[in-house]
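**Q**
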Amino acid sequence: MDLELAHGAGAPRKQGESWGAVLLLAYQSLGVVYGDVATSPLYVFKSAFAGDDITHTAGNEEIYGVLSFVFWTLTLISLLKYVLIVLRANDGGEGGTFALYSLICRHVRAGLLPGGGNSEDLMADDKDAAGRRGDRSRARTVLERYRVLQRLLLLFALLGTCMLIGDGVLTPALSVSSAVSGLELSMEKAQHKYVGLPVTCAILICLFALQHYGTHRVGFIFAPIVCIWLLCISMIGLYNIIHWNHHVYRALSPYYMYQFLKKTQKGGWLSLGGILLCVTGSEAMYADLGHFSQRSIQIAFISVVYPALVLAYMGQAAYISQHHSFENSYHIGFYVSVPEKLRWPVLVIAILASVVGSQAIITGTFSIIKQCSALSCFPGVKIVHTSSTVHGQIYIPEINWILMILCLAVTIGFNNTKHLANAQGLAVITVMLVTTCLMSLVIVLVWNKSIFIALGFLIFFGSIEVMYFSASLGKFHEGAWVPITLSFIFMVVMSVWHYGTIKKYEFDVQNKVSVNWLLNLGPSLGIVRVRGIGLIHTELMSGIPAIFSHFVTNLPAFHQVLVFLCVKSVPVPHVEPEERFLVGRIGPKEYRLYRVIVRYGYRDVQQDDLEFEKELINSIAEFIRSGGADQNGFVEGSEKLSSISSGAIPLWEEGGDGEVDGPASPNKEINQQTVAPQRKKARFVLPKSAQVDAEVRSELQDLMDAREAGMSFILGHSHMKAKSGSSFVKRIVINFFYEFLRRNSRGPSYAANIPHASTLEVGMVYQV
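Every letter in the sequence shown is one number past the one before it in full-length UniProt numbering, and letter 300, counting from 1, is 300.
1. Looking at I714 and I536, is the spacing between their C-beta atoms short of 8 Å?
2. Rounded to the nearest angstrom, what separates G413 and L197 at their Cα positions?
3. In whole angstroms, what is the alpha-carbon distance linking F98 and V305?
4. Counting pairs of beta carbons, one from the region 438 to 450 and one from the region 361 to 369, are three or more of them closer than 8 Å?
5. Only counting the same chain, and skipping five residues up and downstream in sequence, which positions put a Cβ closer than 6 Å to that of T759?
6. If E94 and G290 are in contact, beta carbons under 8 Å, what's the gap, nearest whole angstrom?
7. Who does H559 pair with in a DSSP beta bridge?
8. Are the region 350 to 363 and the region 147 to 161 touching by the rule of at least three beta carbon pairs closer than 8 Å?
9. State the Cα-Cα distance for the pair T39 and V583, rounded to the nearest angstrom.
10. By how many angstroms is the C-alpha of C278 removed from the C-alpha of P41?
11. Quick one: grab the DSSP three-state call for L565.
12. When burial is assigned at 16 or more other CB atoms within 10 Å of the CB, is N400 buried or exposed?
13. Leaving aside the five residues before and after G462 along the sequence, list all residues of the same chain whose C-beta is less than 6 Å from its C-beta, in chain order.
14. Are the beta-carbon atoms belonging to Q560 and D702 less than 8 Å from one another?
15. From what residue to what residue does the alpha helix (DSSP H) around S698 run?
16. Where L84 and V552 are concerned, what is the direct C-alpha to C-alpha distance, given to the nearest angstrom?
17. Pull the bridge partners of E94 from the DSSP assignment, please.
18. So, for W19: in the same chain, excluding its five sequence neighbours on each side, which residues have a beta-carbon less than 8 Å away from its beta-carbon?
19. Rank I77, A26, A58 by C-alpha distance to the C-alpha of V431 and give the top, closest one.
20. Taking Cβ to Cβ, would you say I394 is nearer than 8 Å to T386?
21. Measure the CB-CB distance between I547 and G716 and report whether it falls below 8 Å.
22. If the criterion is Cβ atoms closer than 8 Å, does the pair residue 820 and Y256 meet it?
23. Taking all protein chains shown into account, do 16 or more other C-beta atoms lie within 10 angstroms of the C-beta of K266, making it buried, or fewer, making it exposed?
24. Look at the alpha carbon of S119 and the alpha carbon of G601, and state the distance between them as a whole number of angstroms.
25. Report the rounded CA-to-CA distance for K640 versus E576, giving the unit in angstroms.
26. Is I54 helix, strand or coil when you go by DSSP?
27. Mapping DSSP to helix, strand and coil, what is K449?
28. Can you tell which of V733, R592, A209, V37 has the C-alpha that lies nearest to the C-alpha of I297?
29. For the beta strand (DSSP E) holding Y766, just list the boundary residues, first then last.
30. For R731 and R743, I'd like the C-alpha separation in whole angstroms.
31. Give me the Cβ distance between Y34 and G281, rounded to the nearest whole Å; I'm assuming they're in contact under 8 Å.
32. Please classify F713: does DSSP put it in a helix, a strand, or coil?
33. Let me know the secondary structure DSSP gives V598 once reduced to three states.
34. Which residue or residues does DSSP assign as beta-bridge partners of K589?
35. Is the separation between the beta-carbon of A557 and that of V530 shorter than 8 Å?
36. Measure the Cβ-Cβ separation of T411 and T171 and say whether it is below 8 Å.
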């Protein structure tokens with residue numbers, strides 16, 4: 001049942017992009033995507049030499065080793081893995097950990113969610129598997145057969161998602177704190193002690209307050225700042241290379257990594273937790289893919305960001321290699337390599353750039369939470385679309401303020417960049433490990449490559465990331481516990497919400513009323529049929545929901561036209577408008593019972609109530625005119641559902657004041673006049689070539705009459721309660737945690753757009 005739901009909805013949108021548009025997006029991406037990785041020179045060397053792990057000696061083995069590690073990590077992880085490989089694994093243009101998971105579920109029956117899977121992809125895979133025995137078919141069979149593997153896959157995806165949210169808390173705190181720490185070299189220590197923290201908190205509050213303006217405006221504001229920042233650090237880096245040590249390029253050789261580990265041993269291994277921060281922002285770059293495009297992100301990184309970062313790190317190493325009399329190792333970092341006359345201007349630019357750096361991960365957090373919410377893995381939140389042209393640009397008020405509070409809490413709680421760096425390092429490398437594992441599955445299951453290529457990808461990048469992961473875990477007591485705690489809390493919230501949603505859906509399926517029960521009541525359904533359209537919202541794609549029988553048992557009257565409406569989010573980014581509506585008939589024509597399934601991708605904007613009502617009526621009218629015969633139809637239970645384009649029969653509506661809503665057309669009309677002066681008139685405009693018999697005309701007339709009388713929305717208002725005899729854990733999860741989340745989260749987005757005067761809620765208690 002759930003496999004057919006995404007029929008025809010799997011193909012990503014194809015949008016032709018001119019070079020001008022690509023370059024404009026590349027420019028904007030500098031202000032949104034690359035601010036995080038661009039500001040990493042502020043704290044990488046500082047974090048690597050923080051504490052007693054390694055010390056800067058006259059032989060320079062340590063600084064050359066750190067530079068070599070930074071260069072190759074940036075090259076292999078950010079450039080090779082993310083920019084050249086992982087960005088290609090987009091789910092219809094969308095990126096992020098959960099997009100990889102949904103991409104796998106679209107090609108394999110591995111989704112635990114109702115409606116998880118794409119029938120076109122799955123049917124193609126079935127034919128492929130039937131024709132040959134390959135790596136893909138074997139891997140797919142194993143994943144489909146064992147439910148425990150499907151649960152582990154979902155938990156793994158949720159782990160990466162939770163760590164990315166934790167990164168959204170830690171990155172702004174570290175970036176801004178590191179930038180403001182430059183005041184330490186420009187002010188007296190006593191003054192800096194009382195100025196640094198308040199300034200950091202004030203900047204963070206301003207940053208989160210700006211988010212409601214949207215990515216488009218923020219990108220145009222921030223892109224010039226990042227451009228100036230990249231130019232600044234590259235020029236300073238080039239100056240330091242020429243002035244202090246023009247032989248520093250030799251440290252790019254991997255030989256210096258070996259020398260570094262040989263000399264420093266355990267201390268050098270622990271310092272890797274600070275070195276890995278050079279690639280922070282790479283996962284945010286992937287998560288922000290939906291805000292821009294693959295090509296624009298690649299162009300910006302390869303041509304601007306990567307060369308500037310390499311020059312910046314080489315410049316810092318060149319300066320530090322010629323200076324060994326630092327007050328303490330904590331001063332080793334970006335600001336000491338800046339010429340003294342330029343420190344104040346650079347400090348201002350650095351603070352602005354750190355704000356931009358925080359923007360990348362905040363934007364990525366909004367994107368990935370929307371994906372989780374659409375696929376029932378996160379409680380409902382308010383999603384504000386901030387751009388009418390770029391689909392993925394969103395703002396989530398609740399998440400924004402939660403991130404701000406948590407960010408201020410860790411900033412005030414730690415009050416130093418060392419612990420913040422340790423915390424962020426673990427969050428960053430955990431997300432990267434999850435992406436590597438999911439990506440190896442995509443290579444086999446989606447790209448249809450050899451399993452040896454997937455294993456090569458997993459072993460090569462996985463071994464690098466496991467090395468950094470083990471180093472980060474060594475810092476557990478020095479701040480690395482924070483992302484673990486945050487991810488655990490978010491994981492509990494997501495798991496409880498997902499578990500409760502599945503149980504609610506299973507209850508609906510088990511307690512639905514059979515269609516035969518309804519048909520046995522006769523055309524009048526055993527109740528009084530009044531004028532109008534009754535729109536019954538249900539999660540079921542077949543059968544009659546329990547709320548309907550519950551309603552008519554207590555109030556034996558209903559509308560002359562009944563529509564069972566199911567609004568589903570499918571695990572694809574976008575559903576084309578002509579594939580959005582699936583329409584079917586329940587029982588004989590004289591019953592006037594219809595089922596409509598409306599499909600939205602997890603990136604789609606759901607329409608407002610008036611536009612949605614018109615498209616819904618249009619789709620039913622086209623279904624009636626075509627007789628329900630459609631080549632793209634499929635059988636859902638005993639009902640045949642057809643894919644209907646809602647614009648085939650335009651609907652004209654005219655209010656009592658004479659205002660007309662609908663397109664002008666010379667086509668034939670079915671018109672219904674009305675006596676009441678203020679009642680809305682409705683008429684369908686049929687194509688000239690349409691052949692309409694008397695039975696179809698009568699059914700369209702009834703639909704028009706019902707539309708003029710008005711539309712009522714019947715919603716189920718359910719409460720979940722664990723069955724008597726359930727385990728203690730289940731009672732706690734359902735009765736307290738899930739119900740608490742349900743009461744404090746937003747309902748379905750379509751429910752928010754329904755006119756309250758036309759809404760009727762039917763209360764039910766779900767015993768699960």
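Virtual Cβ for every residue (Gly too), placed ideally from N, Cα, C.
**A** Short version:
1. The residue you call residue 536 lines up with position 536 of the sequence shown. The residue you call residue 714 lines up with position 714 of the sequence shown. Contact: yes.
2. Translated into positions along the sequence shown, residue 413 becomes position 413. Translated into positions along the sequence shown, residue 197 becomes position 197. Looking at the two C-alpha atoms, the distance is approximately 11 Å.
3. As a first step, residue 98 is located in the sequence shown; it is residue number 98 there, counting from the start. As a first step, residue 305 is located in the sequence shown; it is residue number 305 there, counting from the start. Going from the Cα of F98 to the Cα of V305 covers about 26 Å.
4. No, they do not touch.
5. Translated into positions along the sequence shown, residue 759 becomes position 759. Within the same chain, T759 has close Cβ partners F713.
6. On the sequence shown, residue 94 is found 94 positions in, with the first residue counted as 1. On the sequence shown, residue 290 is found 290 positions in, with the first residue counted as 1. That pair is a contact at about 4 Å.
7. What you label residue 559 is simply residue 559 of the sequence shown in a count that begins at 1. Partner(s): V530.
8. Taking a cut-off of 8 Å on C-beta distances, the region 350 to 363 does not touch the region 147 to 161, as fewer than three cross pairs fall below it.
9. Translated into the one-based positions of the sequence shown, residue 39 becomes position 39. Translated into the one-based positions of the sequence shown, residue 583 becomes position 583. Straight-line Cα distance between these residues: approximately 52 Å.
10. Taking the sequence shown and counting its residues from 1, the one referred to as residue 41 is at position 41. Taking the sequence shown and counting its residues from 1, the one referred to as residue 278 is at position 278. So the two alpha carbons sit approximately 7 Å from each other.
11. Residue mapping note: residue 565 aligns to position 565 of the sequence shown, counting from 1. Of the three classes helix, strand and coil, the one that applies to L565 here is strand, per DSSP.
12. Taking the sequence shown and counting its residues from 1, the one referred to as residue 400 is at position 400. With 16 or more other Cβ atoms within 10 Å, it is buried.
13. Residue numbering aside, residue 462 sits at position 462 when the sequence shown is read from its first letter. So the qualifying residues of the chain are T436.
14. By 1-based counting over the sequence shown, the position of residue 560 is 560. By 1-based counting over the sequence shown, the position of residue 702 is 702. Taking 8 Å as the Cβ cut-off, Q560 and D702 qualify as a contacting pair.
15. Residue mapping note: residue 698 aligns to position 698 of the sequence shown, counting from 1. That run of the alpha helix (DSSP H) goes 694 to 709.
16. As a first step, residue 84 is located in the sequence shown; it is residue number 84 there, counting from the start. As a first step, residue 552 is located in the sequence shown; it is residue number 552 there, counting from the start. Distance between the alpha carbons of L84 and V552 is about 59 Å.
17. Counting from one through the sequence shown, the residue named residue 94 turns up at place 94. Looking at the DSSP output, E94 sits in a beta bridge with D91.
18. Here residue 19 corresponds to residue number 19 of the sequence shown, with the count starting at 1. Excluding residues within five positions, none has a Cβ falling inside 8 Å.
19. For the purposes of this step, residue 431 is taken as the residue at position 431 of the sequence shown. Among I77, A26, A58, the Cα nearest to that of V431 is on I77.
20. By one-based count along the sequence shown, residue 394 stands at place 394. By one-based count along the sequence shown, residue 386 stands at place 386. With contacts defined by Cβ atoms closer than 8 Å, I394 and T386 form a contacting pair.
21. Mapped onto the sequence shown, residue 547 falls at position 547. Mapped onto the sequence shown, residue 716 falls at position 716. Yes, Cβ-Cβ distance for I547 and G716 is below 8 Å.
22. Residue 820 falls outside the range modelled here, since the chain spans only 1 to 768, and no answer is possible.
23. As a position in the sequence shown, residue 266 is number 266, starting the count at 1. Exposed, by the Cβ-count rule.
24. Locating residue 119 in the sequence shown gives position 119, where the first residue counts as 1. Locating residue 601 in the sequence shown gives position 601, where the first residue counts as 1. Any reading at S119 needs caution, since the residue's pLDDT is 41, under 50, leaving its predicted position unreliable; the model's value is listed next. Approximately 15 Å between the Cα atoms of the pair.
25. By 1-based counting over the sequence shown, the position of residue 640 is 640. By 1-based counting over the sequence shown, the position of residue 576 is 576. About 21 Å.
26. As a working note, residue 54 is residue 54 in the sequence shown. Coil.
27. Start at 1 with the first residue of the sequence shown, and residue 449 comes out as number 449. Note: K449 maps to coil in three-state DSSP.
28. Indexing the sequence shown from 1 puts residue 297 at position 297. For I297, the closest alpha carbon among the candidates V733, R592, A209, V37 is that of V37.
29. Translated into the one-based positions of the sequence shown, residue 766 becomes position 766. Residues 759 to 767.
30. Taking the sequence shown and counting its residues from 1, the one referred to as residue 731 is at position 731. Taking the sequence shown and counting its residues from 1, the one referred to as residue 743 is at position 743. Rounded to the nearest angstrom, the two C-alpha atoms are 17 Å apart.
31. On the sequence shown, residue 34 is found 34 positions in, with the first residue counted as 1. On the sequence shown, residue 281 is found 281 positions in, with the first residue counted as 1. The beta-carbon distance between Y34 and G281, rounded to whole angstroms, is 7 Å. This is short enough to meet the 8 Å contact definition.
32. The sequence position of residue 713 within the sequence shown is 713, counting from 1. In the three-state reduction of the DSSP assignment, F713 falls in the strand class.
33. Here residue 598 refers to the residue found at position 598 of the sequence shown. Under the three-state reduction of DSSP, V598 is assigned to strand.
34. Residue mapping note: residue 589 aligns to position 589 of the sequence shown, counting from 1. None; K589 has no bridge partner.
35. On the sequence shown, position 557 is the one that residue 557 refers to. On the sequence shown, position 530 is the one that residue 530 refers to. Yes. Within cutoff.
36. Numbered from 1 along the sequence shown, position 411 holds the residue referred to as residue 411. Numbered from 1 along the sequence shown, position 171 holds the residue referred to as residue 171. Taking a C-beta distance under 8 Å as the contact criterion, T411 and T171 do not qualify as a contact pair.
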